[in-house]
Amino acid sequence: MQAMTVLDTRPDDAYANDRAHVFHSWSIQGALAPPVVTRAEGSHFWTADGSKYLDFSSQLVNVNIGHQHPKLVAAIQEQAARLCTIAPSFANDARSEAARLICEAAAVNLDGCDLDQGVLHQRRRRGHRERGAHGSPAHRPVQGAQPLPQLPRRHQRGHHR
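Remember, my numbering sits 42 above the position in the sequence shown when you count from 1.
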């Protein structure tokens with residue numbers, strides 16, 4: 043069995059291969075003419091024709107610390123050497139610690155239902171109906187979720203006293 047190597051890509055074929063084989067979400071496929079991005083650094087990226095762009099969207103906020111940031115590249119390499127991916131139904135140290143740090147920075151505690159109750163309270167005050175998928179009540183249990191309380195009918199209809 044051969045060892046896996048870096049994918050042998052041909053930048054000149056990128057556009058044709060993209061249009062033939064890539065499904066772009068949230069887009070009308072036939073209307074797309076995506077520019078081929080060849081490199082990125084900091085807050086800029088370059089396309090195959092040599093044009094330089096200031097990336098205001100951080101590639102959909104995935105790289106808001108800058109493209110190819112050395113600390114991020116090193117962290118990705120280190121984690122990939124340990125464990126490339128793990129299914130959402132499992133726990134691991136890196137994801138759990140990242141979540142803890144995010145909650146700490148946001149001053150949020152996801153234990154129990156404090157967050158759910160706060161969100162529901164705000165939604166009720168604005169008259170939102172709490173309904174689940176296909177019109178089912180939101181209090182119906184979902185795998186891994188805590189049941190939500192049924193709202194009084196006056197709140198479901200948006201009426202307030």
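Cβ atoms here follow ideal geometry from the backbone N, Cα and C, with glycine treated the same way.
query                                                                                                    : result
Endpoints, alpha helix (DSSP H) assigned at Ala117                                                       : Pro112 to Arg124
Classification of Val86 by the beta-carbon crowding that lies within 10 angstroms, buried from 16 upward : In the sequence on display, residue 86 carries His and not Val. His86 should be labelled exposed.
Where His109 falls, given that 16 or more other Cβ within 10 Å makes a residue buried                    : buried
Spatial distance of Thr89 from Thr80 (CA atoms)                                                          : 5 Å
Range of the contiguous beta strand (DSSP E) that encloses His86                                         : His86 to Thr89
Extent of the continuous alpha helix (DSSP H) to which Ala136 belongs                                    : Asp135 to Ala148
Paired residues, beta bridge with Ala81 - DSSP                                                           : Note that residue 81 is Arg in the sequence shown here, rather than Ala. Trp88.
Backbone secondary structure at Glu102 - three-state DSSP                                                : Correcting the residue identity first, residue 102 is Leu in this sequence and not Glu. Helix at Leu102.
Backbone secondary structure at His109 - three-state DSSP                                                : strand
Reference Asn104; option with closest CA among Gly72, Leu143, Val78 and Gly84                            : Gly84
Length of the line joining the Cα atoms of Tyr57 and Ile144                                              : 37 Å
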